[in-house]
Amino acid sequence: MLLVYGLDQEKLNFIQNLAQKYSFTVKEVRDQDTLYTAGHLAQIPDADPRKFVKEDYPEDMEFLLFCQIDREALYGFLQEAHEKGYQFPHKAVLTETTKAWPFSYLLGHIAQEHQVMQAYNRLGRKVKQCQDLDAPLAQDLVSQAKALAKLGDDLTLDHILDLEKQIDQLLAGKK
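For the sequence shown, numbering that gives the first Met the number 0 begins at 0 and goes up steadily by one.
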């Protein structure tokens, strides 16, 4: 099953047509459905059927949640969507952990995770510029960036933005 949230009609039609090719069932999640757990919406046996308090999430985001879908089919689906000009930056695979999360919480978590990854990628490009500098401060900042990579799930947007600010100041002084 593929749970979709926030797609306009044109994208929803595309997803539904492509999903047929891969034998996925598509279920559209509406705002009022976000109070239920992801597992309940995906019709996972024994999933918690209760409603929860709505968590904050960007209501204008598009999201795909792949539930019990073969990895090969998942990659084929995403590749074909990409080739047809459709990209979905907010997507996830349902896990044992996330099936118990209210869908609204999952949306917020994915949005935040996406924001952290975008900032981390931006930081990575700036770190490459620092590696070419001979200044001791530059090498210290590169070391700090490498240490951030080891934080894993503890990495926050604040960690990245703090280091990015220091790198920006260094790079601005070298120009």
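Beta carbons are placed, not taken as given, at the ideal position from N, Cα and C, and that holds for glycine. The structure presented is a predicted model; accordingly, all values stated were derived computationally and were not measured.
Counting only residues of its own chain and dropping the five nearest sequence neighbours on each side, Ser103 has a CB closer than 6 Å to the CB of Thr33, Lys53, Glu54 and Tyr56. Within the model, the alpha-carbon separation for Ile166 versus Gly123 is close to 11 Å. For Val25, same chain residues with a beta-carbon under 7 Å away, outside a window of 5 residues either side, are Leu1, Val3, Ile14, Gln15 and Ala18 in chain order.
Under the rule that a run must span 4 or more residues, the alpha helix (DSSP H) segments found entirely inside the segment 23 to 67 read 37 to 40.
Around the CB of Val92, fewer than 16 other CB atoms lie within 10 Å, so the residue is classed as exposed. About 10 Å separates the beta carbons of Leu40 and Glu27, which is beyond the 8 Å limit, so they are not a contact pair.
Between Tyr21 and Ala80, the C-beta spacing is not below 8 Å.
With a cutoff of 8 Å on beta-carbon distance, Lys98 and Thr36 are scored as near each other. It is roughly 8 Å from the alpha-carbon of Leu140 to the alpha-carbon of Cys129.
In this structure, the CA atom of Ala146 is about 14 Å from the CA atom of Leu160. Our two residues, Asn120 and Ala144, have alpha carbons roughly 11 Å apart in a direct line. The three-state secondary structure of Pro101, taken from DSSP, is strand. Only residues of its own chain outside the window of five on either side were considered, and among them Leu147 and Leu150 have a CB closer than 8 Å to the CB of His158, listed in chain order. Contiguous alpha helix (DSSP H) elements confined to the segment 91 to 158 occur at 102 to 130 and 135 to 148, taking only those with 4 or more residues.
A Cβ-Cβ separation of about 19 Å leaves Asp30 out of contact with Gly38 under the 8 Å criterion. Between Asp59 and Gly5, the C-beta spacing is below 8 Å. By a beta-carbon distance limit of 8 Å, Ala110 contacts His89. Their separation comes to about 7 Å.
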